[in-house]
Amino acid sequence: MIDYVRRCSLCRSPVLGEIADLTGNMNAVETVKLTKEFDDLVAVDSIDLEINKGELFSFLGPNGAGKTTTIRMLCCLLKPTSGTASVMGYDVLKEPFRVKELIGMSPQETVLSERLNCWENLSLIGKMYGLGSKELKKKSEELLETMGLIERAKDQVRKLSGGMKRRLSIAMALVHNPEILFLDEPTLGLDPQARRAVWEYIAQLKVRKTILLTTHYMEEADFLSDRIGIIDEGKIVALGTPVELKSNLLKTPSMFISARNLTTEVVEELRSRYSKVEEVSGGLEISHEHLDLKEIVDFLHSREVTIYSAALEQPTLENVFIQITGKRLRD
Ligand SMILES: Nc1ncnc2c1ncn2[C@@H]1O[C@H](COP(=O)(O)OP(=O)(O)OP(=O)(O)O)[C@@H](O)[C@H]1O
Ligand SMILES: [Mg+2]
Numbered sequence: 062m063i064d065y066v067r068r069c070s071l072c073r074s075p076v077l078g079e080i081a082d083l084t085g086n087m088n089a090v091e092t093v094k095l096t097k098e099f100d101d102l103v104a105v106d107s108i109d110l111e112i113n114k115g116e117l118f119s120f121l122g123p124n125g126a127g128k129t130t131t132i133r134m135l136c137c138l139l140k141p142t143s144g145t146a147s148v149m150g151y152d153v154l155k156e157p158f159r160v161k162e163l164i165g166m167s168p169q170e171t172v173l174s175e176r177l178n179c180w181e182n183l184s185l186i187g188k189m190y191g192l193g194s195k196e197l198k199k200k201s202e203e204l205l206e207t208m209g210l211i212e213r214a215k216d217q218v219r220k221l222s223g224g225m226k227r228r229l230s231i232a233m234a235l236v237h238n239p240e241i242l243f244l245d246e247p248t249l250g251l252d253p254q255a256r257r258a259v260w261e262y263i264a265q266l267k268v269r270k271t272i273l274l275t276t277h278y279m280e281e282a283d284f285l286s287d288r289i290g291i292i293d294e295g296k297i298v299a300l301g302t303p304v305e306l307k308s309n310l311l312k313t314p315s316m317f318i319s320a321r322n323l324t325t326e327v328v329e330e331l332r333s334r335y336s337k338v339e340e341v342s343g344g345l346e347i348s349h350e351h352l353d354l355k356e357i358v359d360f361l362h363s364r365e366v367t368i369y370s371a372a373l374e375q376p377t378l379e380n381v382f383i384q385i386t387g388k389r390l391r392d
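Listed below in structure tokens is the structure:
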């Protein structure tokens, strides 16, 4: 049963507000061989993706990987060259107004009206989506408070810092209470404190909203995501939970030993005992199926090597990324 019928504020046709829930277990986002070409460049290359409702999914990838292009197609701002994409069951090409009604987007390049203040920017979006003035005021106040902008609410946007504009942009994506939130680099340019505050807010939204975000920050993807898609040259090259991605890597334990007096003979001797021994700045990196710290330390002491520290390497998303793509994120 459909309880009520809303009117789409963009196309004025009836919107079955509860339809997504009534249709059962559909994915929030589904793409099949989604592709975007710009002349000879394949920016997004046949991406198959399923994002569950209530999931926080992150695209992690270097500059030019195709993150923004994918988001722009899902938000109906860019036509795919081929393939299909749907958001809450609505096809982005066939039913773009339905899609737009359900989504909120904070673009990579902040788009704000510089001569309007924070309230006015939020009102602009809220009214576009048909919010009543009471509801709009309540929601705007809540968002400005959360984003740490309430004290600057009456300032024209042109007077805000870059980080403050970023936070206002996220608030604007949320003002109409969308089902799905697309956040393209939500914390780019924020100071660590502001970044943490935004993370905490995004974390609070989890489950209630489906969120697709893009980021360059490994820590951000690790902290927030239910699943991560590592994207490189338009392709998803790895997909999984942060724990899955990390545990698929470094199956062989690895240890870093900071030491002095390491001679070539000692290193060669270690190489005969362990599968991988590399000399790195300030010490050694040793990998082997079974690593026994005491055994290594005893051996080095017996060869009169001075050890400053020894620690098992923890797998990080940075390692995963480098292993899969062969490059660092900002390359
Ligand atoms: N409108 C366009 N016309 C031509 N090429 C484009 C256009 N938009 C994007 N591209 C190209 O498509 C590729 C993917 O760009 P995209 O913006 O999706 O990357 P991204 O992963 O978001 O990168 P970044 O981390 O730098 O934001 C890049 O090579 C880019 O130059
Ligand atoms: Mg981008």
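The opening residue of the sequence shown carries number 62 in the numbering used here; numbering runs sequentially from there.
Where a beta carbon is used, it is the ideal one built from N, C-alpha and C, also for glycine.
I'd like the span of the alpha helix (DSSP H) that includes residue i, first residue to last.
i    : result
T130 : K128 to L135
G224 : G223 to L235
V105 : Taken as a continuous stretch (DSSP letters only), V105 belongs to no alpha helix (DSSP H), being part of the beta strand (DSSP E) at L102 to I112.
L361 : L354 to S363
L273 : Run containing L273: none in the alpha helix (DSSP H); it sits in the beta strand (DSSP E), T271 to T276.
Y262 : P253 to L266
L378 : L378 to T386
First and last residue of the beta strand (DSSP E) that includes residue i?
i    : result
A282 : Run containing A282: none in the beta strand (DSSP E); it sits in the alpha helix (DSSP H), M279 to L285.
D245 : I241 to D245
E91  : V90 to F99
L323 : Careful: L323 lies outside any beta strand (DSSP E) and carries neither H nor E.
V148 : S143 to V148
What are the residues that DSSP puts in a beta bridge with residue i?
i    : result
N178 : Q217
E340 : L345
I289 : S119 and G301
Y151 : V148
K296 : D293
Give the single residue among the options whose Cα lies nearest to the Cα of residue i.
i    : options                   : result
C136 : C179, I241 and A232       : I241
T294 : K97, A234, V90 and V93    : Checking the sequence shown, residue 294 turns out to be Glu, not Thr. The candidate whose alpha carbon is nearest that of E294 is K97.
R269 : T129, P239 and R219       : P239
V218 : L197, R176, L192 and K198 : R176
L102 : P253, V90, M87 and T142   : T142
V90  : F243, G301 and S348       : F243
R364 : L345, V327 and R334       : V327
Give a single yes or no on whether residue i has its beta carbon closer than 7 Å to a heavy atom of ligand 2.
i    : result
D100 : no
D252 : no
D245 : yes
K128 : yes
T275 : yes
Please find out if some non-hydrogen atom of ligand 4 comes closer than 7 Å to the beta-carbon of residue i.
i    : result
G290 : In the structure on display, ligand 4 does not appear, and the ligands it does have are ligand 1 and ligand 2.
So residue i packs on residue j, CB below 8 Å; how close in whole Å?
i    : j    : result
Y369 : A320 : 6 Å
T302 : T129 : Not really, about 24 Å apart at Cβ, beyond 8 Å.
G127 : V105 : 4 Å
G187 : L173 : With 8 Å as the limit, G187 and L173 do not qualify as a contact, their Cβ atoms being about 14 Å apart.
If you measure from the CB of residue i, is any heavy atom of ligand 1 nearer than 7 Å?
i    : result
A299 : no
A282 : no
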